[in-house]
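Asker:
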Amino acid sequence: MPEWTFDKFGHGGDYNPDQWRHIPGIFEEDLRLMKKSHCNLMSVGIFSWAALEPEEGKYDFEWLQKVLDGLYENGVSVFLATPSGARPAWMSRSYPEVLRVEANRVRNLHGDRHNHCYTSPTYRKFVNKLNTALAERFGKHPAVVGWHISNEYGGECHCELCQNAFREFLKNKYGTLENLNHAWWTGFWAKTYTDWGQLESPAPHGEHAVHGLALDWKRFVTHQTVDFMAAEIEPLRAITPDLPVTANFMGTYPGLDYFRFQDVLDVSSYDSYPRWGAGDATDEEIAHDAGFKYDVTRGILRKPWILMESTPSQVNWQNICRPKKPGMHLLSSMQAVAHGADSVQYFQWRKSRGSSEKLHGAVVDHVGNENTRVFRDVTEVGEWLEKIQPVLHADVPAETAVIFDWNNRWALEEAQGPRKDKKYEEQVKEHYAAIRRLGADVDVIDMEQDFSPYKLIVAPMLYMIKPGVGEKIEKFVENGGTFVTTHYTGYVDENDLCFLGGFPGPIRKVMGIWAEEIDALYPGQKNGIRMNDGREYECGFMCELIHSEGAEVKAVYTDDFYAGRPVLTKNSFGKGEAWYVASRADQAFLDDFYKEITASAGVSLPGEQTAGVLMSRRVKDGKTFLFVQNFSGCAKEAAIPAGVDLITGEEVGGKTEMKVNEVKIIELK
Amino acid sequence: MPEWTFDKFGHGGDYNPDQWRHIPGIFEEDLRLMKKSHCNLMSVGIFSWAALEPEEGKYDFEWLQKVLDGLYENGVSVFLATPSGARPAWMSRSYPEVLRVEANRVRNLHGDRHNHCYTSPTYRKFVNKLNTALAERFGKHPAVVGWHISNEYGGECHCELCQNAFREFLKNKYGTLENLNHAWWTGFWAKTYTDWGQLESPAPHGEHAVHGLALDWKRFVTHQTVDFMAAEIEPLRAITPDLPVTANFMGTYPGLDYFRFQDVLDVSSYDSYPRWGAGDATDEEIAHDAGFKYDVTRGILRKPWILMESTPSQVNWQNICRPKKPGMHLLSSMQAVAHGADSVQYFQWRKSRGSSEKLHGAVVDHVGNENTRVFRDVTEVGEWLEKIQPVLHADVPAETAVIFDWNNRWALEEAQGPRKDKKYEEQVKEHYAAIRRLGADVDVIDMEQDFSPYKLIVAPMLYMIKPGVGEKIEKFVENGGTFVTTHYTGYVDENDLCFLGGFPGPIRKVMGIWAEEIDALYPGQKNGIRMNDGREYECGFMCELIHSEGAEVKAVYTDDFYAGRPVLTKNSFGKGEAWYVASRADQAFLDDFYKEITASAGVSLPGEQTAGVLMSRRVKDGKTFLFVQNFSGCAKEAAIPAGVDLITGEEVGGKTEMKVNEVKIIELK
Amino acid sequence: MPEWTFDKFGHGGDYNPDQWRHIPGIFEEDLRLMKKSHCNLMSVGIFSWAALEPEEGKYDFEWLQKVLDGLYENGVSVFLATPSGARPAWMSRSYPEVLRVEANRVRNLHGDRHNHCYTSPTYRKFVNKLNTALAERFGKHPAVVGWHISNEYGGECHCELCQNAFREFLKNKYGTLENLNHAWWTGFWAKTYTDWGQLESPAPHGEHAVHGLALDWKRFVTHQTVDFMAAEIEPLRAITPDLPVTANFMGTYPGLDYFRFQDVLDVSSYDSYPRWGAGDATDEEIAHDAGFKYDVTRGILRKPWILMESTPSQVNWQNICRPKKPGMHLLSSMQAVAHGADSVQYFQWRKSRGSSEKLHGAVVDHVGNENTRVFRDVTEVGEWLEKIQPVLHADVPAETAVIFDWNNRWALEEAQGPRKDKKYEEQVKEHYAAIRRLGADVDVIDMEQDFSPYKLIVAPMLYMIKPGVGEKIEKFVENGGTFVTTHYTGYVDENDLCFLGGFPGPIRKVMGIWAEEIDALYPGQKNGIRMNDGREYECGFMCELIHSEGAEVKAVYTDDFYAGRPVLTKNSFGKGEAWYVASRADQAFLDDFYKEITASAGVSLPGEQTAGVLMSRRVKDGKTFLFVQNFSGCAKEAAIPAGVDLITGEEVGGKTEMKVNEVKIIELK
């Protein structure tokens with residue numbers, strides 16, 4: 002499959018000249034402003050179906066030809082989009098079966114975007130025809146450097162076509178209803194299925210108590226979306242075998258298991274909108290959240306990725322939308338690059354004039370010129386991207402992996418007990434941020450990926466353990482790896498059936514513990530962690546009551562009837578160590594814990610860290626590029642390793658004043 | 002069109018003797034109690050359809066004849082109601098098309114009230130026939146002094162009849178789909194319409210992203226309701242050309258643009274239910290809210306109006322319903338009169354015995370006699386209304402107008418960014434209350450009305466500026482007027498398309514500023530206003546980043562990266578001044594600001610004000626009547642201009658003790 | 002009707018061996034563990050329809066035969082369940098009319114449990130056939146000691162069959178539409194019904210403003226559920242006339258009036274899941290809540306009852322599910338016995354392996370053996386139940402009744418004004434708990450039951466007074482009883498029509514007061530109670546403004562315009578006393594008040610009480626058994642009357658140290 006080999010950092014964004022076709026002079030002004038802002042890559046044609054095929058079978062490609070020609074002539078390359086994210090009104094009217102049916106079994110009306118059935122042969126046929134025509138007409142256009150497939154896939158359809166596809170999916174998976182009935186444990190509440198036709202997707206007014214059904218339905222939605230995407234790509238691959246394809250994802254969007262798109266994607270991409278300046282989190286906390294999602298995106302293919310959308314100023318769809326403060330646009334753009342992005346793209350180039358996107362930040366504002374703070378900020382990013390060319394296509398040298406697994410997440414969401422809110426993503430990110438605060442680079446992967454590249458693997462709340470994963474963890478530790486997991490781990494197999502014989506099921510041996518019970522605490526209720534050396538920390542939310550079965554007890558609970566029982570254990574196993582943190586611990590614990598763990602695991606760190614100043618590395622051809630980013634909101638004196646500043650060309654190192662929102666990119670010695 | 006010339010202050014309320022027909026003696030007792038409580042005006046027949054037409058085509062008017070006769074004989078006049086607010090069960094069963102279809106496209110079942118299609122020819126035919134019969138039978142009855150049309154129009158219908166009417170409405174407005182597509186900016190998300198039949202009203206499961214559609218749908222709902230009301234009135238006008246018609250409105254009800262009813266109403270009326278004694282606002286704050294809605298009601302026709310409903314004690318439909326404290330019934334009734342009401346009417350005369358209205362306050366309680374606190378309070382109001390006869394039909398002498406515009410409000414509600422909650426009505430009322438605290442009388446109008454009568458016009462958050470309005474503002478200022486607006490002004494035209502070339506669009510010149518960006522603050526985040534003379538105030542919520550383009554900078558922000566940039570500007574333009582307040586300022590700022598502004602604009606004020614004691618004026622035949630109303634909740638010493646107390650006949654003036662909830666009505670010297 | 006005469010305290014729970022049929026050895030292990038944990042009674046076959054009738058008309062009873070045989074051979078008795086709580090998928094597919102239609106008039110899909118129409122002749126026929134077959138095959142099995150009918154009846158169906166049944170119900174009740182129209186007060190909003198076919202159940206998109214309709218619909222739902230249950234029982238009674246039947250109820254579940262099941266139940270039972278250890282309530286408060294529901298359950302038939310479900314550890318469906326602390330399982334199990342339970346049953350015996358019940362606490366955990374804290378706790382309860390055999394079938398000697406009435410509750414929920422949240426159940430429990438804190442035993446009954454057995458009757462918020470109840474109260478007081486009621490009493494008759502002539506309607510005379518108005522306070526607003534002797538307390542929420550009409554004023558309000566007006570009155574009437582508490586009073590008031598009231602009413606109390614240590618009594622054959630239960634969460638020194646400890650056999654009495662969660666059961670001297 003083709004690689005993303007664009008020879009510059011991409012800089013540009015969603016470009017929708019079809020919205021402005023009727024206003025003369027706008028296109029020429031766009032070209033002038035692109036040059037001025039150092040933009041070189043635009044995504045064109047997203048949602049353009051109504052412009053490309055104004056009536057059934059009648060294509061209008063002339064406007065697009067002119068756009069591609071003009072961009073190319075002005076040195077701007079193009080992600081050409083397939084417009085399948087929304088269909089024109091004529092199609093909804095003539096072929097209502099392309100519209101989506103929600104879980105309540107009511108078919109949507111025309112409207113919105115992402116409102117189509119992924120199974121519908123009609124919709125697939127229309128997509129195939131138009132994609133074929135686009136590829137034939139524009140696939141070899143010199144401006145085009147990649148395919149942008151649809152837009153932010155999401156949602157699900159419960160129409161009868163999808164019900165039948167789901168039944169086929171289940172037949173393929175289980176073979177017999179007996180197997181299915183066992184896997185879903187349908188012996189309760191008279192749920193045994195005796196005919197494939199009895200199977201239906203979950204519904205608020207139908208079946209919503211069978212966790213295996215809910216889990217398989219979510220898997221089916223991903224399966225069908227991947228299948229639809231593969232069908233979209235098929236004619237493109239046939240006609241333009243060398244053009245890489247991507248699809249812009251949404252970080253940790255709950256509805257799709259992005260790791261399952263590995264086989265159809267050439268490069269992954271992400272639409273990132275952190276809430277800088279929020280009143281309920283610090284910018285440093287927000288930066289860790291953003292970094293986590295960058296690492297999820299990179300983790301899909303474990304290689305550099307595309308920042309496909311970001312805002313040059315503010316968004317318009319959050320409850321409260323703040324513009325970026327001075328310096329934040331550069332800082333936040335470079336953070337994405339630090340985590341492996343090979344581009345900084347925006348939504349969108351020119352602010353829409355009307356309707357729901359008209360107040361979303363864009364490079365060119367309604368005022369229409371370059372005399373805005375935002376335009377100057379964008380231009381500065383363009384200049385930086387040109388100066389850091391050596392970093393292009395460099396890898397992130399992660400020796401630590403954090404497991405964030407959609408199947409596990411779905412199972413946790415369905416799980417009833419010991420509390421409704423599981424806070425899986427939050428707890429994974431708490432561990433992630435503690436490791437990142439040490440300056441360690443991290444891969445975020447799911448449990449199906451290769452564990453062998455890592456020295457340290459952290460898998461909070463690994464409630465579900467799929468077949469083979471227990472063995473993989475054992476082998477990883479045996480071979481010298483350090484493995485960390487927490488409470489609520491090893492409860493169920495891949496079908497959400499509980500392991501019999503004692504939790505944490507298949508990793509009971511490698512962890513050296515048995516988890517007998519689990520407490521859930523009300524808001525305000527707390528417990529404590531007392532280390533063997535007397536240090537104390539807070540914990541709560543869930544407190545698991547575990548017994549050591551060989552593991553060394555490193556800390557105990559301080560309160561309640563389980564005071565004195567283990568809360569932190571270490572099991573030496575083969576050449577490695579397996580750690581169990583039986584409760585949700587506070588940040589102080591996690592910071593101290595991972596400081597010791599990374600040291601004992603031999604994870605390489607970039608040196609002394611300063612609170613709020615984040616460090617990340619990319620490596621290429623033996624060179625290491627260190628990104629030093631001040632998200633603290635105030636000036637900081639940071640210790641910086643010796644190297645050359647890529648922007649100024651000067652030698653740097655030692656105690657260095659970092660201004661508010663300042664970023665430095667250093668080629669280390 | 003006929004005027005409201007009833008020669009007394011109306012005093013009475015909704016009277017539903019049809020509910021009590023089967024209980025002998027009740028009607029006679031009602032007549033006795035009406036006399037005792039000084040009541041002279043009853044609204045009869047609201048919701049009486051099932052009694053008037055118990056089966057299709059079979060009218061029963063005898064009971065109504067007896068009621069009108071009895072009332073007339075006892076000196077009580079009547080608003081005769083058309084009963085269209087609810088239809089009888091037989092009609093819903095035989096003609097289900099009269100029932101409403103909600104936005105989810107499901108037709109309602111029979112039940113509730115206001116549950117009918119305003120488009121349905123069937124419903125209109127039934128209404129026309131019954132209204133005709135009522136007018137023929139009772140139109141000349143000596144008791145009848147006006148028509149009460151339906152009741153509290155509201156809601157909307159999405160049935161296929163309404164869809165077609167909506168399409169016609171759009172064809173009339175836009176002429177071509179090309180015009181419509183441009184106005185709605187349908188070039189995004191493949192939304193271009195290529196056939197009128199593709200157009201449908203907004204739906205939660207259909208189109209909800211096209212703001213122009215949402216806006217036009219709301220306009221259509223008002224249009225169709227006005228059209229329905231006009232159809233209701235038609236036979237009444239034909240038969241009783243001299244009887245004025247009114248329809249009871251609901252203050253700032255969001256679903257209907259009340260200003261568009263100007264052409265069909267002879268006199269406006271309002272159902273007012275302030276939450277006196279609430280735990281989350283002071284009575285003074287509640288009084289400003291009530292006063293604002295009174296001024297909205299008066300603003301529809303810019304003349305005196307009818308207080309059509311109020312409670313003599315407490316309501317039953319708020320979350321928490323407190324009875325009025327001693328004095329409050331008189332005080333709050335006179336407040337309506339102070340703002341231009343020519344009546345004090347109640348819902349309702351006699352407490353319903355069963356179902357959802359049975360615990361709503363009424364003049365006659367379930368105990369059934371006059372020995373209640375509420376009955377005595379009502380009687381006192383009746384006595385006062387007789388004593389203040391000189392005030393009847395007097396005008397309110399407003400030199401200030403505050404703009405509260407439904408089209409702007411709807412556009413703001415749809416607008417995405419920079420925050421979800423816009424608080425338009427709240428912010429308008431903050432400016433309104435600051436002006437009212439100075440004792441100034443205020444008209445509340447929309448942007449389509451004549452600006453020339455005013456010295457000061459305040460238009461907070463004038464996000465939408467319709468064609469001609471910018472010019473009207475310019476001319477108003479040029480001619481010496483003072484105009485005040487705020488952040489988030491001048492963004493869009495009448496179709497919600499952004500102005501290109503710089504905000505605030507058509508009033509950029511008269512304001513002398515350019516608004517480049519806008520910040521939205523999280524709860525708890527604040528900024529400050531520093532005046533040139535050093536005074537400081539708080540501001541927040543939204544902070545617009547503006548540049549002076551000629552305007553004088555009168556104050557700057559104190560914090561964040563825009564500290565030192567303008568937050569308050571004054572532009573001298575022609576003979577007038579245009580002020581821009583770029584953020585939501587605190588009450589201290591608004592109080593100081595409007596003190597200075599009203600002085601420089603030459604707005605006449607009634608003299609020294611006392612916190613919590615509100616003053617309002619009505620004028621007639623060269624006489625000025627001053628209402629002094631103590632809403633502070635405690636005794637106050639207030640400065641009162643010299644005059645004669647209309648109730649006691651005594652000369653008053655100077656420092657005067659006002660008791661809790663005391664009101665004085667003074668004819669000024 | 003047969004009695005519950007099982008000659009041991011039942012100990013066991015829901016047993017679902019059909020879920021484990023395919024795993025060899027599980028059944029044998031279950032038998033071993035039942036013996037070890039002193040279990041003697043299992044509920045078998047709940048939700049087993051798919052196992053019992055895997056296809057239409059084809060029964061598979063062999064597995065059940067083996068289960069019953071095995072249990073019997075091992076000394077375990079059985080509640081045999083009818084499986085009607087959920088139907089197999091084949092039935093939903095072939096006979097969709099058995100599925101429920103919700104209030105929105107949409108028929109549910111197959112799924113969930115309790116998803117069937119209680120009216121459907123098809124469903125009733127299937128139930129009848131299967132119940133008949135079960136009774137014929139297993140009714141005389143020596144293991145079987147009772148019938149467990151269905152499971153936790155609940156919900157409602159709005160299908161056309163139910164609509165017709167509802168119309169018949171109304172015809173039977175009212176005879177004529179004229180009667181119905183009067184009772185529902187349909188004269189408002191044109192609601193008069195002129196044809197029975199116009200009547201429909203309430204709907205969110207239909208009629209929801211007629212309180213009489215809402216009330217009668219709720220009554221119909223209970224009526225139809227009782228009718229369905231009677232139909233279920235009919236073949237069982239015919240074949241096994243000596244077996245008692247029960248149905249497990251849910252305490253104060255709002256959807257069904259449990260008191261109306263008196264005629265079809267032989268013994269009542271309850272599924273109890275208190276939230277011990279919660280963060281928003283103390284264990285003592287939770288114990289009073291649990292005790293109240295135990296007393297409701299006992300009140301249905303006024304005799305001992307079955308604790309049919311409880312958790313041996315934690316549940317999985319609450320927002321936060323805590324395991325029981327050491328001692329709490331014994332303490333809480335014995336609390337149920339203290340309130341009249343003749344069993345301690347669990348949900349469930351063996352933890353389900355999959356789906357929504359898999360993390361609910363059970364006797365046998367997934368680890369599968371007896372080496373758990375939970376199994377040891379269960380065993381201890383089993384041992385205690387054997388030791389307290391003398392208490393079996395003993396009565397609770399209540400001289401006090403608290404009225405908790407579903408009809409009243411439903412009317413209150415519908416009532417609009419003076420506030421939305423009425424907090425009926427909470428306020429009833431506040432009075433209940435104050436009485437219980439004195440150690441008094443309490444019956445909880447509805448207003449239709451016999452009042453003559455009691456010395457004290459407390460009826461908070463008796464908003465509805467059904468015909469005859471006023472007379473019953475009068476007679477009760479006349480004969481020397483003490484009656485207490487509160488604000489918001491005596492407003493409506495059994496059809497929610499207000500009493501004319503003055504509240505509290507039919508008990509105005511016996512209470513000696515007239516309630517003129519009622520205030521509702523916002524959160525944070527308070528009033529006070531000043532007793533004649535100067536003691537003061539807080540009150541609020543609702544404050545009724547009453548006039549004494551002969552009653553002695555014992556306390557007055559301290560604040561607002563009604564300061565000095567009565568808030569507590571006592572009316573001596575015949576040989577008894579009638580007390581009116583006109584506001585929601587704080588706990589200090591209730592504690593002092595009931596101390597005095599119980600003394601003057603002559604209610605027998607068990608002696609000195611210690612805060613947090615609850616006392617309850619059961620009596621049999623002249624013996625009194627006192628349960629002393631420390632729910633305070635800390636060690637307490639309690640005063641214990643002299644007697645013999647049933648567990649240790651030792652003499653006890655006097656000041657005694659009670660450990661955390663300790664319980665003592667004493668046969669008093």
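Residue numbers (the numbering used here), protein chains in the order written: chain R, 2 to 670; chain C, 2 to 670; chain X, 2 to 670. All C-beta atoms, glycine included, are put in the ideal place defined by N, C-alpha and C. Predicted model, so just to flag it, every value in this text is computed and none were measured.
Take glycine 634 of chain C and list the residues in its own chain whose beta-carbon comes closer than 6 Å to its own, dropping the five residues that flank it on each side.
Answerer: Your numbering for residue 634 of chain C matches position 633 in the second sequence. Contacts found: Asp284.
Asker: Assign histidine 23 of chain X to one of two classes, buried (16 or more other C-beta atoms within 10 Å of its C-beta) or exposed (fewer than that).
Answerer: On the third sequence, residue 23 of chain X is found 22 positions in, with the first residue counted as 1. Histidine 23 of chain X comes out exposed.
Asker: Mind listing the chain R neighbours of valine 368 of chain X? Cutoff is C-beta to C-beta under 9 Å, in chain order.
Answerer: For the purposes of this step, residue 368 of chain X is identified with residue 367 of the third sequence, where counting begins at 1. Per Cβ cutoff of 9 Å: Leu501, Gly502, Gly503, Phe504, Trp515 and Glu517.
Asker: Is it true that the CB of serine 44 of chain C sits closer than 8 Å to the CB of glycine 71 of chain C?
Answerer: Position 70 of the second sequence, counted from the start, is the residue given in the question as residue 71 of chain C. Position 43 of the second sequence, counted from the start, is the residue given in the question as residue 44 of chain C. Cβ atoms of glycine 71 of chain C and serine 44 of chain C: not closer than 8 Å.
Asker: In whole angstroms, give me the CA-to-CA distance for leucine 110 of chain C and leucine 100 of chain R.
Answerer: The residue you call residue 110 of chain C lines up with position 109 of the second sequence. The residue you call residue 100 of chain R lines up with position 99 of the first sequence. In a straight line, the C-alpha of leucine 110 of chain C is about 27 Å away from that of leucine 100 of chain R.
Asker: Could you check whether the Cβ of threonine 193 of chain C sits closer than 8 Å to any Cβ belonging to chain R?
Answerer: Taking the second sequence and counting its residues from 1, the one referred to as residue 193 of chain C is at position 192. Judged by the 8 Å Cβ criterion, threonine 193 of chain C is in contact with chain R.
Asker: Write down the C-beta distance between isoleucine 458 of chain C and alanine 402 of chain C rounded to the nearest angstrom, noting that I regard them as a contact closer than 8 Å.
Answerer: Locating residue 458 of chain C in the second sequence gives position 457, where the first residue counts as 1. Locating residue 402 of chain C in the second sequence gives position 401, where the first residue counts as 1. Contact flag correct, Cβ pair sits at about 5 Å.
Asker: Does the segment 520 to 529 of chain C touch the segment 270 to 285 of chain R, meaning 3 or more C-beta pairs lie closer than 8 Å?
Answerer: Counting C-beta pairs closer than 8 Å gives three or more between the segment 270 to 285 of chain R and the segment 520 to 529 of chain C, which meets the contact rule.
Asker: Taking the straight line between their C-alpha atoms, what separation do you get for valine 554 of chain C and cysteine 540 of chain R?
Answerer: On the second sequence, residue 554 of chain C is found 553 positions in, with the first residue counted as 1. On the first sequence, residue 540 of chain R is found 539 positions in, with the first residue counted as 1. Those two C-alpha atoms are separated by around 54 Å.
Asker: Alpha carbons only, please: which of R:Asn105, R:Met465, R:Asp290 and R:Thr373 is nearest the one belonging to aspartate 216 of chain R?
Answerer: The sequence position of residue 216 of chain R within the first sequence is 215, counting from 1. For clarity, residue 216 of chain R is leucine in the given sequence; the question names aspartate instead. The candidate whose alpha carbon is nearest that of leucine 216 of chain R is R:Met465.
Asker: State whether the segment 308 to 324 of chain C contacts the segment 356 to 373 of chain C, with contact taken as three or more CB pairs (one from each stretch) at a distance under 8 Å.
Answerer: The answer is yes - the segment 356 to 373 of chain C touches the segment 308 to 324 of chain C, with three or more Cβ pairs under 8 Å.
Asker: Would valine 364 of chain X count as contacting chain R if we go by Cβ distances under 8 Å?
Answerer: Your numbering for residue 364 of chain X matches position 363 in the third sequence. No, valine 364 of chain X does not count as interfacial toward chain R.
Asker: With distance defined between alpha-carbon atoms, name the residue in C:Asp61, C:Gly58 and C:Arg33 nearest to valine 77 of chain C.
Answerer: As a first step, residue 77 of chain C is located in the second sequence; it is residue number 76 there, counting from the start. By alpha-carbon distance to valine 77 of chain C, the top candidate from C:Asp61, C:Gly58 and C:Arg33 is C:Arg33.
Asker: Can you name, in chain order, every residue of its own chain whose Cβ lies under 6 Å from the Cβ of aspartate 447 of chain X, other than the five neighbours on each side?
Answerer: Residue 447 of chain X sits at position 446 when you count from the first residue of the third sequence. Excluding sequence neighbours, aspartate 447 of chain X sits near Phe260 and Asp406.
Asker: For glycine 503 of chain C, which residues in the same chain have their Cβ closer than 7 Å to its Cβ, ignoring the five residues on either side in sequence?
Answerer: Numbered from its first residue, the second sequence carries residue 503 of chain C at position 502. Closer than 7 Å at Cβ, skipping near neighbours: Arg509 and Trp515.
Asker: If you compare alpha carbons, which of X:Val478, X:Arg566, X:Glu537 and X:Thr483 is closest to isoleucine 519 of chain X?
Answerer: Taking the third sequence and counting its residues from 1, the one referred to as residue 519 of chain X is at position 518. Considering only alpha carbons, the answer is X:Arg566.
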